[in-house]
Amino acid sequence: VTDWRELIADDRVGLFDNSGPNNLHAEPTMAAIRAGKHVLCEKPLGRTAAESYDMWQAAARGGVKHMCAFNYRFVPAVRLAREMLESGELGDIYHFRGRYLQEWGNTDADLWRFDASAAGSGALGDLGAHVIDLARFLVDEISAVCALTATFQPDRTVDDGFEAAVSFEGGAIGTIEATRFAPGRKNALSFEINGSKGSLVFELERLNELQVHLVDSRPGARAQGFRQVLVSEAGHPFWSWWWPHGHIIGWEHTFVHEIHHLLHAIATGGDVRPYGADFEDGYRAAEVCDAILRSSESGRREAVTYR
6 VTDWRELIAD DRVGLFDNSG PNNLHAEPTM AAIRAGKHVL CEKPLGRTAA ESYDMWQAAA
66 RGGVKHMCAF NYRFVPAVRL AREMLESGEL GDIYHFRGRY LQEWGNTDAD LWRFDASAAG
126 SGALGDLGAH VIDLARFLVD EISAVCALTA TFQPDRTVDD GFEAAVSFEG GAIGTIEATR
186 FAPGRKNALS FEINGSKGSL VFELERLNEL QVHLVDSRPG ARAQGFRQVL VSEAGHPFWS
246 WWWPHGHIIG WEHTFVHEIH HLLHAIATGG DVRPYGADFE DGYRAAEVCD AILRSSESGR
306 REAVTYR
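If you're matching positions, the sequence shown starts at 6 in our numbering and goes up one per residue.
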């Protein structure tokens, strides 16, 4: 079919997967919820926090399973990082540094992603939302931001890049940035987390690896430093589904993991959260995005408030 309304009217459809442009997230998804369909929606959930909140509330009232497609939660190395943080292996968390860099922004193509009415925001909602979600997923809720945005192509109505200093509710601080104007950077999502007992580093372009430094690890101080862990052992997250240990997976496997997680929740009645992102997570990421835009406009530190 070529009309989403036909899918929603079809009683054989139990799950509505919305991967359309940002301006087509709210109406079709909320219509699917009213029809009793479970829903998976691409990020950012809505073009604004207000639109995202309405989608979350509709899903909560509708009693359906709902997921926002933050697929990087389903990278085995990212999930291992979450497990290490949950178990306290890094101690008290001090810093989060996250960035998402791509190179394709310097184009004359007339794309919907460059139009605020369709996209809501630019690199912020497209790339930055992923980093914001990972910061929330791995560290804590973001409570305040101080940000700059820039539009390098003057005919565009969205940001081409941004940088933000952020505060977390638990006391950690961090930086988040994203741009489409980083020549040589193809799909360079990365983060570093520093705690009282150690540090973690992840780079998406080497997605099977996690760099780990634990302060009390052996050998002694003369040989201490980061270890490159190949996250492909039988006991590592998701690995029981795939190849013999030591073999690697790719970007596409994150979507397999994500969709499996949602289908399992539907089949068993289980929860999408905390390991998957639901519409509340999508809404909370949107509140941070809106605060970054407010801060860039006001030139001041802006609080992030959640409903």
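Glycine included, each C-beta is placed from N, C-alpha and C at the ideal position.
Whether residue i touches residue j by CB criterion (9 Å)
i, j, result
"L139", "G103", "yes"
"L143", "A187", "no"
"E174", "I198", "no"
"S92", "A290", "no"
"G287", "K48", "yes"
"H252", "R232", "no"
"E208", "L194", "yes"
"Q158", "F119", "yes"
"F243", "F79", "yes"
Among the options, nearest to residue i - alpha-carbon criterion
i, options, result
"D221", "L95, L50 and L12", "L95"
"G166", "D115, G110 and V206", "G110"
"A37", "L20, L85, Y288 and R52", "L20"
"Q229", "F207, G203, K191 and L209", "G203"
"S237", "L215, T154, D15 and L219", "L215"
"E69", "S303, R305, Y311 and L268", "Position check: residue 69 holds Val in this sequence, whereas Glu was assumed. Measuring from the Cα of V69, the nearest candidate turns out to be L268."
"C73", "T34, V18, D115 and R223", "T34"
"A177", "A149, Q158, T156 and L106", "A149"
"E88", "L205, T180 and A308", "L205"
"R306", "L116, S172 and G25", "S172"
"H241", "G189, R17, A14 and A82", "A82"
"A308", "R185, T184, L212 and A170", "A170"
"T184", "L129, L235, R211 and D145", "L129"
"I98", "H265, S245, G200 and S24", "G200"
"A156", "G189, R141, A121 and D145", "Before going further, note that residue 156 is Thr rather than Ala in the sequence given. When each option's Cα is compared against that of T156, the closest is A121."
Residue i, buried or exposed, once every other Cβ within 10 Å from all chains shown has been counted against 16
i, result
"P279", "exposed"
"A152", "buried"
"T154", "buried"
"K191", "exposed"
"E257", "exposed"
"T53", "buried"
"F75", "buried"
"Y311", "exposed"
"A55", "exposed"
"G179", "buried"
"G255", "exposed"
Residue i beta carbon near the ligand HEM (any heavy atom closer than 8 Å)
i, result
"R185", "By its list of ligands, the structure shown contains no ligand whatsoever, and the ligand HEM lies outside what it can speak to."
> Mind pulling the alpha helix (DSSP H) runs of 4 or more residues that sit fully within the stretch 40-67?
Replying inline: 54-67
>> I'd like the ranges of any alpha helix (DSSP H) spanning at least 4 consecutive residues and lying wholly in the stretch 91-151.
In response: 121-124 and 134-143
> Between the stretch 51-69 and the stretch 131-149, do at least 3 Cβ pairs fall closer than 8 Å?
Replying inline: no
> Between the stretch 162-181 and the stretch 117-127, do three or more beta carbon pairs fall short of 8 Å?
Replying inline: Per the Cβ contact rule, the stretch 162-181 is in contact with the stretch 117-127 (3 or more Cβ pairs under 8 Å).
>> Quick test of the definition: if touching needs 3 or more C-beta pairs under 8 Å, does the stretch 291-298 touch the stretch 264-281?
In response: Between the stretch 291-298 and the stretch 264-281, the count of Cβ pairs shorter than 8 Å is below three; the stretches do not touch.
> Quick check: the stretch 10-17 against the stretch 259-269, are there 3 or more CB pairs under 8 Å?
Replying inline: Taking a cut-off of 8 Å on C-beta distances, the stretch 10-17 does not touch the stretch 259-269, as fewer than three cross pairs fall below it.
>> Please give the ranges of any alpha helix (DSSP H) in the stretch 249-288, keeping only runs that are unbroken, at least 4 residues long and fully inside the region.
In response: 256-273
>> Please give the ranges of any beta strand (DSSP E) in the stretch 7-41, keeping only runs that are unbroken, at least 3 residues long and fully inside the region.
In response: Within the stretch 7-41, the complete beta strand (DSSP E) runs of at least 3 residues are 20-23.
> Would the stretch 299-307 and the stretch 282-290 be scored as touching if the rule is three or more Cβ pairs under 8 Å?
Replying inline: no
>> Quick check on the DSSP output: what are the complete beta strand (DSSP E) runs of length 3 or more inside the stretch 176-208, in order along the chain?
In response: Listed in chain order, the complete beta strand (DSSP E) runs (minimum 3 residues) inside the stretch 176-208 are 178-184, 193-200 and 203-208.
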